[in-house]
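Read the structure below first, then the notes.
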Amino acid sequence: MPAPTQNDQSITGVLERIIYFNEENAYCVAELQVTDSVRPVTVLGALPGVQCGETLQLSGQWTRHPQHGDQFKIAQFKSQLPASVHGIRKYLGSGLIHGIGKSYAKKIVDHFGADTLKIISEDSGRLHEIPGIGKQRAKSIKVAWDEQSAVRDVMMFLQTYGVTPSQCVRLVKKYGSGAKRILQDEPYRLAQDIERIGFKTADKIALNLGFPTNSKERIDAGVLHTMRQLEDEGHTLGTENMLLEQATQLLSLDPKLIQTRIHALDQAGSLFSIHAYDQNQESLGPAYQLPTTASAEKRIADAIARIAHTASMLPEIKIDAAVDWAQSRAGFRFAEQQTVALRNTLAAKVSIITGGPGTGKTTILRAVVDILKAKRARIQLASPTGRAAQRLAEASGTAASTIHRLLKYDAATRSFTHNEDNPLPCDFLILDETSMLDTRLAASLVQAIPSGAHLLLVGDADQLPSVGAGNILGDLMAAPPAKVTRLNIIYRQGKESGIVTTAHAILQGETHPGMTYRSLRNLDPSQDFTFIEAEQPEQCIQAIKYLAKEYIPKTHNIDPIRDLQVMSPMHRGSGGITVLNTELQEVLNPRRKAESRLRSDPDYTPATQTHFREKTRKPLPVEIEYGSSIFRIGDKVIQTRNNYDKNVFNGDTGIICSIAADRSGLSIEFDQRIEYTKGELSEIQHAYTISIHKSQGSEYPVVVIPLLKQHFLLLQRNLVYTAITRARRKVYIVGSLDAYAMAVKNNEQQVRRTHLQTRLRMACQANGDS
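With the first letter of the sequence shown counted as 1, position 643 gets the number 796 in my numbering; the numbers rise by one all the way through.
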């Protein structure tokens with residue numbers, strides 16, 4: 154909140170009515186009964202944690218609205234609990250305290266008068282004096298009062314630090330009534346304990362509270378924050394040099410002080426020290442990991458070594474006869490690489506098949522599944538995302554699931570049901586889209602595989618790495634014991650596809666795409682890969698809007714919301730995800746279209762609408778505002794983090810199917826209908842345009858990719874390759890040929906530093922490998 158200026162004016166009054174309140178940023182429009190005023194004054198601005206009945210001291214400026222008249226714009230505020238009987242009655246009657254409604258608020262205040270709040274806070278046993286309030290109700294009122302007081306204290310304490318009300322609520326839920334004490338004594342805990350509160354916010358609070366810049370608490374928090382940042386970049390370790398350099402930049406302190414605290418954190422168990430090696434097994438010197446990450450890598454290595462060195466429990470398979478049988482069943486002879494891959498998969502306990510589009514991965518998968526079914530083996534198929542699992546099921550002819558559903562997450566224990574002590578009931582596990590797999594999920598999966606089972610990992614090593622930390626596919630390919638088959642020949646089904654040939658040309662560094670067009674009127678619908686030149690962001694956006702609304706639905710006969718996916722390299726900028734989502738929402742799902750969807754809903758009837766209008770004097774809502782976003786019925790949205798309680802995971806996409814009548818939440822159709830409260834809407838974003846990273850593991854009938862020079866910071870070969878290979882039928886790249894060439898030339902991918910290869914070698918040596 155901005156500080157008051159010399160020109161600011163002040164007013165004081167009782168908060169009478171809250172007209173509008175935004176939970177995310179605490180922006181409020183309210184009525185304040187000023188002492189000397191006959192009518193309430195309209196005030197607007199950030200008012201976190203306030204309730205009707207409180208006395209507010211506001212500083213700010215008077216403004217005049219053309220429709221609503223004089224309004225007071227708040228720059229800063231102070232709040233006091235109500236002192237008058239009227240204010241206390243209003244405060245308690247607002248529903249603030251569970252167990253006290255308007256009726257009980259009147260009875261309590263009529264009995265205790267101006268001492269009411271003091272009685273509740275310090276002598277709540279006296280509430281028995283009110284008829285109808287027994288021991289249990291008095292106790293629940295006191296608990297609710299203490300809880301609300303903690304929320305209020307925290308909100309008032311943090312209002313100058315830019316911490317949102319929703320974060321304050323999370324603080325109180327985490328720490329309870331001790332929230333304020335923890336904030337004052339251990340402010341750096343916030344960065345570690347509370348989601349979406351980072352080190353910089355915690356540091357700002359701590360420094361304002363008087364913590365010295367060189368305190369051990371600050372340095373420790375900065376070092377651990379740096380480790381988490383390295384994990385956000387994909388690394389599972391930080392070399393001492395990396396850690397020192399980045400932490401020194403963050404903290405602006407002497408590196409010797411930071412190094413001393415790094416060693417102290419290692420001794421205390423908050424960091425795990427190792428000796429790191431690069432991809433070529435050259436020494437990188439001392440390094441550190443977060444303990445949970447170190448544990449996950451060790452569990453992966455131990456489980457892979459355990460599986461590889463345990464005898465197979467599959468029925469005996471005569472591999473030559475099985476390959477011949479599979480070829481006969483498929484109706485054609487397999488190419489040499491495909492035959493090698495099939496043999497390796499059947500013979501090895503742990504095997505990997507990697508290759509790009511059109512190289513025959515689907516043929517091999519189908520053959521493996523057919524052979525195992527014929528042998529009555531228990532097969533499990535899984536993939537990191539729902540869409541990828543659906544594709545795997547279609548390719549193999551056998552049911553497949555996401556890893557989370559395969560392992561059966563138990564919300565009560567916050568852990569997976571299947572684990573080392575309760576392994577999966579399978580003889581053979583096939584995992585597709587392995588390039589998406591991060592370290593922690595990989596650890597949970599491989600631990601749950603029975604020792605006698607086989608493991609086949611399938612993936613494209615040239616795609617983008619996982620969003621989470623680690624390089625699972627690359628590390629398992631580079632170290633023992635997996636048997637690796639690389640497919641690099643395009644077979645007949647892919648040779649005439651512009652998507653397939655362009656994808657492989659990108660891997661070869663060829664910077665000239667296939668068919669290019671400067672006019673949208675000359676597009677050739679028979680081509681499955683099309684490049685449309687648009688140098689400026691405005692041209693690019695207009696072209697994408699035309700393609701999405703007019704050309705693609707008519708030419709390809711698809712639903713542009715469900716079957717078309719726009720994918721951008723960047724979130725910000727005029728050609729980024731945020732802008733494109735806003736533009737595409739307005740052309741694909743404007744308000745009038747959302748209203749027609751509501752009217753066509755089977756649960757909607759004119760009688761329902763009439764009843765709701767009579768009750769609320771408002772029509773049923775078709776949209777809900779949250780922060781800077783407007784979510785409408787019919788919008789395509791994406792889940793942005795794993796929510797195990799809802800069984801919805803990062804990257805899942807769905808369609809908004811209803812808005813709560815009081816705009817307190819909405820429901821989204823994923824594989825099933827999921828309800829979201831308004832406070833949970835921070836977990837979703839519009840998905841008309843998504844990041845290329847978020848598209849991993851998915852496949853869409855039609856893909857549109859904006860590619861502009863303003864994206865230069867992220868333009869890389871594997872980024873464009875991943876985007877193109879997400880399309881099943883058609884790819885449109887809209888943008889600059891120079892930007893395309895820039896991306897294809899840039900093959901300097903950031904090397905992810907991990908310790909998994911070393912751990913795999915150690916685990917295999919421990920099991921007897923030389």
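Ideal placement from N, C-alpha and C gives every residue a C-beta, glycine not left out.
Between the Cα of residue i and those of the options, spot the shortest distance and give me the residue it belongs to.
i	options	result
alanine 501	Ile457, Thr512, Arg529	Ile457
serine 851	Asp805, Ala892, Glu822	Asp805
glycine 945	Ala483, Ala601, Gly612, Asp615	One cannot answer for residue 945 here, as it falls past the ends of the chain, which runs 154 to 923.
tyrosine 341	Ala332, Arg334, Phe352	Phe352
histidine 657	Arg459, Arg381, Asp613	Asp613
valine 855	Ser817, Thr566, Ile714	Ile714
serine 727	Tyr430, Asp419, Glu688, Arg334	Glu688
arginine 323	Glu339, Ile347, Asp455	Ile347
lysine 799	Ser844, Ala565, Asn710	Ala565
glycine 375	Glu398, Val653, Asn361	Glu398
alanine 622	Ala595, Met630, His607	Ala595
leucine 403	Ala421, Thr366, Leu418	Thr366
glutamine 480	Val522, His571, Ser820	Val522
Assuming contact is defined by CB atoms lying nearer than 7 Å, are residue i and residue j in contact in what I supplied?
i	j	result
glycine 252	isoleucine 294	yes
leucine 640	isoleucine 583	no
alanine 355	leucine 336	no
aspartate 628	glutamine 910	yes
leucine 518	alanine 541	no
glutamine 718	isoleucine 791	no
threonine 592	threonine 389	yes
glutamine 918	methionine 589	no
methionine 720	isoleucine 886	no
alanine 530	phenylalanine 581	yes
isoleucine 812	proline 774	yes
Can you tell me the Cα-Cα spacing of residue i and residue j, whole angstroms?
i	j	result
leucine 700	aspartate 299	57 Å
isoleucine 808	alanine 488	42 Å
leucine 245	valine 904	59 Å
glycine 818	leucine 834	8 Å
arginine 881	valine 857	12 Å
arginine 816	valine 740	24 Å
alanine 303	glutamate 275	15 Å
valine 884	arginine 381	36 Å
glutamate 703	isoleucine 172	41 Å
glycine 667	alanine 896	16 Å
threonine 446	alanine 552	32 Å
alanine 267	serine 781	42 Å
threonine 655	glycine 509	11 Å
glycine 651	alanine 876	14 Å
glycine 222	lysine 259	34 Å
isoleucine 453	isoleucine 602	11 Å
isoleucine 659	arginine 914	33 Å
histidine 908	alanine 429	7 Å
Which same chain residues, not among the five before or five after residue i, have their C-beta less than 8 Å away from its C-beta?
i	result
arginine 496	Ile472, Val476
alanine 892	Leu860, Leu861, Lys862, His864, Phe865, Leu868
alanine 291	Ser277, Gly278, Leu280, His281
leucine 197	Tyr180, Cys181, Val182, Ala183, Gln224, Phe225, Lys226, Ile227
isoleucine 889	A small correction: the amino acid at residue 889 is serine; isoleucine does not occupy that position in the sequence shown. For serine 889, where only same-chain residues beyond five positions count, the Cβ hits under 8 Å are Glu686, Ala687, Glu688, Leu860, Leu861, Lys862.
Please return the same chain residues whose Cβ sits closer than 6 Å to the Cβ of residue i, not counting the five positions on each side in sequence.
i	result
leucine 609	Thr498, Ser504, Ile583
glutamine 320	Ile350
valine 167	Gln186, Thr208, Gly240
asparagine 920	Ala458, His462
proline 512	The amino acid occupying residue 512 in the given sequence is threonine; proline does not appear at that position. Contacts found: Leu640.
alanine 894	Thr664
alanine 156	Since pLDDT at alanine 156 reaches only 45, below the 50 mark, its modelled position is unreliable, and the value read off the structure follows with that caveat. Closer than 6 Å at Cβ, skipping near neighbours: no residue.
glutamine 162	none
aspartate 455	Ala916
phenylalanine 684	Pro666, Thr669, Ile886
alanine 840	Lys789, Val790, Ile791, Thr806
Going along the chain, which residues of its own chain have a beta-carbon closer than 7 Å to the beta-carbon of residue i, five neighbours each way excluded?
i	result
phenylalanine 230	Leu200, Leu209, Gln210, Leu211
methionine 309	Gly202, Ser232
histidine 218	Gln224
lysine 369	Arg414
glycine 729	Ser721, Met723
Could you round the C-beta distance between residue i and residue j to whole angstroms and report it? I think they count as a contact, below 8 Å.
i	j	result
leucine 406	isoleucine 372	7 Å
histidine 846	valine 620	5 Å
glutamine 616	tyrosine 874	7 Å
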